[in-house]
Amino acid sequence: MANPIRRMHFLFILVLTLFANFNDGQRIGSSLRPLHYDLVLLPIISGSSPRLCGHVFIDLEPTTSTNVVTFHGVDITLLDVSVEPVLGVRNGTTTNFSDDRFLQLEDLCFSGLFVSVSRVFQRIQDDPERQQFSIILKQSLKKGKRYRIGLLYMANVRDESKGFYRINYKTNDDSCCHEGWFGGTQMQVTEARKVLPCLDEPGFKSTFDIIVGHNKAMSALANMPEMATVPMVNTRDWMWTSFSRTPLMPTYLLAMFVTDYQHLEQVYQVGDRTVKLRYWGRPEQLPHFKHIMEVTPKMLHYMETYVNQPFSLPKLDFITAPIDLHFEAMENWGLILFRDDKLYHNEETDSEDDRFYRTQIMAHELAHQFFGNLVTCDWWSDIWFNEGFSSFLEVDIINHAMPNETFRPEAAQLKGIRNAMKFEEKHVKPLTVVRQVETADEADRMFDAISYSKGNGLLLMLRNFVGQETFQIAVATYMERFQFQSVNSQRFMEILDEELHQDREFGRTMNVTKIMNSWTGQPSYPIVRCSKTGDGRIRLSQEPFPMSYNYSSHGKDTRLWWIPLAMTDAKRPDFSHGGTYPRIWLTPDRPTLEIPYFPPLSRHQAAEDAENSWIFINGQSSSYIRVLYDKSNWRLLSKQLMINHTVIPKVSRAQLIDDAFTLAVAGLLEYETVLDLIEYLTLVNDEFVRSTSQFHLQWMKERSRHNESLYQLFGEYTRRFKYEKMDKGESDEYHNLIRLDAFDPLDGIDCHNWSDGVCVDQVLRLFRAQMTGTITPGEKRAMFENLERNWCVVIRHAGKEEWEWAWRATLRDLSSTQRIKILSAMTCTPHRGQLKQLLARVFSPTIDQNPHETFKTIEKMAENPVARSMVLNFIKNNWESLERHFKRSGETLKLLASAAKHLSNAEDLDEMSQLIFELQNKDNKLDHSVTEGILDGIRSNIRWAEKNLDEVYSVLAARVITRRTDKSFTSPYVNTI
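Quick look at the structure:
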């Protein structure tokens, strides 16, 4: 009988293949092959009547004879159609700016004049449901011939970042009320069809000639360098700017901007080849491009070296948008777009974490210039490979450009991977990495934690088990073989198989494609159990993590994986890159395995080693798994952390503790074992790991809030942790502060009043010094380095005067990042009147709060128990207004889901069920997977509380009471190993 997991993989891939070939959905089909677009756009972005006038010639080749030509198009008014055969190949852009199409666009956009001359089509059929329209021609197009379809049309200029959008923004010009205009495109995922008629799928790659009309006071940008700028024939002060031809690329990477921004420029040079790098922004932003201009050439050089391919374009522009983008950045080929404050770094007000995050975003987008742009996924179901690879490479790119940042990239990678696991754990509907995608909405939903962060974790695992050298050779081969093409991730796995099979000893039995299909074709991830069986032997087994979706109710859960296991131990700890290489595999055919682990010098020696030495599996998150040890091994790991926690690196310590808490929530581990594991935090200030522990403890605390005595016990327990700065131990790279003075003004030495890991007296003194202008540069830097945490403590413990000063700060000209930090800190207030003030500003006529600030502030406010009911009532009573405020469909529901995750009793469940019922009656387009997830999350919280609160109370009380009676508490394990 065939292995069920193999049969499932075959069926999964077959279903996707059949779906791609026969289920049209919103796909255009393969009857036309686009070759080239010659696009002229004239956007009018100022005034009360914004509009987009366009003309496009599309050169295409029918793959079957037909008289029906179908394109994607949304909110496009088609005015005229022409068809002509293409004789020969056009090799370059040749433009006569006074020919009819340019004059026609001028008349159309500025005067509303238009005369149809077409006689080539019978009718046009619009299909809004499929986001397509079909032109029924009078004569058939012949298979294999080339034709040029000309389309004159009008489209919308939007106020949200989809398709072609505009924004009217305030500048810092000295003159009163000076305003600037910004217009641009966002084509991903399926928004190009809102800008021009096209074949809007990633599998279709074409070349593009682009010409943009604009006011002479503005600059026009596109993917390629400018070729010429000439005045319009009939319209004063308006210009046409043409751009050189693009390489083959999909429509979602097409980009055009018109702006009055200024720019800084540098030249990236390797040998005789140069690439012009330009950084665009408002005048006040330009001085803050210093850091990004320093690291970008280094990161680009790293990518070129890594993939063994040069950057394909002669220039690369970077531009910020003064609009509330619903994403951080977009990798448009040759013209990368960033959220307004994600490109520049203000040394005076931004933190080192801000600097790192902006560098991380840039690294991700530069990786996309190769993974996604040079080689593109052929359909959205496989987008994990582009996004996962770009996320995966962030660590190496940043380490190259900023060699002193040795910890933050690894910490960010761990956080992302663990967030993906949490996303899978709580998701009601099981999601695979590769999924069926039929519609634009489904394509949009592919850009989630699974594609980005699980993809990152799977590629990290893949590199670990094939080896870094083999992996990089395969990357270079993949880029060389498939450049300027659209393919799927299977091609990369096949190349890896080719490389590995050249090694007769190592690779002859390895099948990377089969291994990775077990991870991309199944939801969730495995738990690996490890137990010692005696005589130096261990037993390893795998099982699926218990998901919200109950597989057992649908028959036996047959999910099994190919799992590479890296292992180390107390006798020879190795957490290096070499230590992440797998020593053993669990497979679908062999899900359980017993092996000799401790090589015996004698039988007695093996037993003694096994009894006294811990084992650590999956160091540095080398595989996408969680590990469940037996009690003996957990005890030994706890001892190691008490004696010398630095033997296990920070990332692996945090991973270990995250595993323990998560397994306890799943009912697979006792909380006494978990709290034993973090007991060492009472002796040392291990900030990164403490933050991981406190995240989970806060989760538990919120679900015990109806038990007052237990709720108070949590606060007393966490006050046992060590917070003050330590002089010895690991260099604290995670700590945010870059010291400007010889001392740390927030060191916490001799402090007796702590809150959120901050000495309350110290932070209040510095805040008040900031209010009076007496703060020193070093103190000011210390406050800004963790602004949200520091100001939160101030707001929680200070009075009205401090609140009002913070409120005035939010009204100043700040970056969105700074304002969100301050607003988030202000949600820590215990005063309901102040919380109401924060909610009221959302719709205040005198405060122009952008939707991103609203979402982040209300999401953070829901963490405050005092504010929670206020937040839920605010969302309920202002649903329609919030929908208009956010503009982006589904954001209000996401906000509700974020606020509801803290609810944990039957009354909460009843009220939320009623609210969702009412909302569904009003809006039948609500995402049922989200609403089901909200209710299932509350039910899970109730079940956890019913099952675990008594146990948690007992283990917490034992530790707190011990601490009360023994203020000189020391490790019970000292001198016992």
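Residue numbers (our numbering): -6 to 970. Even glycine gets a Cβ: it sits at the ideal position worked out from N, Cα and C.
Asked, Found
"Cut-off 6 Å between Cβ atoms - residues of its own chain near residue 524, not counting five sequence neighbours on either side", "532 and 623"
"For residue 205, the nearest candidate out of 942, 502 and 48 (CA to CA)", "48"
"Cutoff 8 Å: residue 949 Cβ touching any chain B Cβ", "The chain inventory of the structure shown lacks chain B, comprising one protein chain alone."
"Contacting residues, own chain, Cβ-Cβ under 7 Å from residue 823 (five flanking each side not counted)", "789 and 859"
"Contact under 8 Å by Cβ, residue 538 with residue 418", "yes"
"Length of the line joining the Cα atoms of residue 851 and residue 909", "19 Å"
"contact_flag[the stretch 346 to 364, the stretch 375 to 388] where n(CB pairs < 8 Å) is 3 or more", "yes"
"Whole-angstrom C-beta distance between residue 313 and residue 353, which should lie under 8 Å", "Wrong, their Cβ atoms sit about 16 Å apart, outside the cutoff."
"Nearest-angstrom Cα separation, counted from residue 39 out to residue 512", "50 Å"
"Alpha carbon of residue 344 to alpha carbon of residue 296, nearest angstrom", "27 Å"
"Run of the beta strand (DSSP E) containing residue 325, from where it starts to where it stops", "Residue 325 -> no beta strand (DSSP E), and no H or E assigned at all."
"Residue range of the alpha helix (DSSP H) that includes residue 670", "664 to 670"
"Three-state class that DSSP yields for residue 469 in the structure shown", "helix"
"Where the alpha helix (DSSP H) containing residue 971 begins and where it ends", "Because residue 971 is not part of the residues shown, which for the chain are -6 to 970, the question remains open."
"Inter-residue CB distance, residue 137 and residue 54 (contact presumed, cutoff 8 Å)", "7 Å"
"Per DSSP, the bridge partner or partners of residue 523", "533 and 622"
"Outcome for residue 63 when other beta-carbon atoms lying within 10 angstroms are tallied against a minimum of 16", "buried"
"Residue span of the beta strand (DSSP E) that contains residue 308, given as start and end", "308 to 314"
"Option in 403, 396, 332 and 435 with minimal Cα separation from residue 376", "435"
"Cβ-Cβ separation, residue 912 to residue 919 (assumed contact under 8 Å), whole Å", "6 Å"
"Residue 682 versus 664, 579 and 644, residue with shortest Cα-Cα distance", "644"
"Alpha-carbon spacing of residue 1050 relative to residue 659, whole angstroms", "Absent from the structure is residue 1050, since the part of the chain shown begins at -6 and ends at 970."
"Reduced DSSP category for residue 853 - H, G, I as helix; E, B as strand; rest coil", "helix"
"Residue 821 to residue 891 span [Cα, whole Å]", "17 Å"
"Entirely enclosed alpha helix (DSSP H) segments - the stretch 666 to 714, minimum 4 residues", "680 to 695 and 701 to 711"
"Stretch-stretch touch, CB-based, cutoff 8 Å, three pairs: the stretch 575 to 588 with the stretch 635 to 651", "no"
"CB-CB length for residue 271 against residue 258, believed under 8 Å", "5 Å"
"The stretch 123 to 137 / the stretch 15 to 33 touching (three or more Cβ pairs under 8 Å)", "yes"
"Simplified DSSP assignment, three categories, for residue 14", "Because residue 14 carries a pLDDT of 36, less than 50, the predicted location of this residue cannot be relied on, and the following value inherits that uncertainty. Looking at residue 14 - three-state DSSP - the assignment turns out to be helix."
"Cβ neighbours of residue 199 in the same chain (closer than 7 Å, five flanking residues each side left out)", "27, 28, 29, 30 and 241"
"Test item: CB-CB of residue 188 and residue 156 under 8 Å", "yes"
"Whether residue 666 touches residue 653 by CB criterion (8 Å)", "yes"
"The beta strand (DSSP E) enclosing residue 30, as first and last residue numbers", "25 to 37"
"Coarse secondary structure for residue 553, derived from DSSP in three states", "coil"
"Residue 172 - DSSP class collapsed to helix/strand/coil", "strand"
"DSSP-derived helix/strand/coil call for residue 263", "strand"
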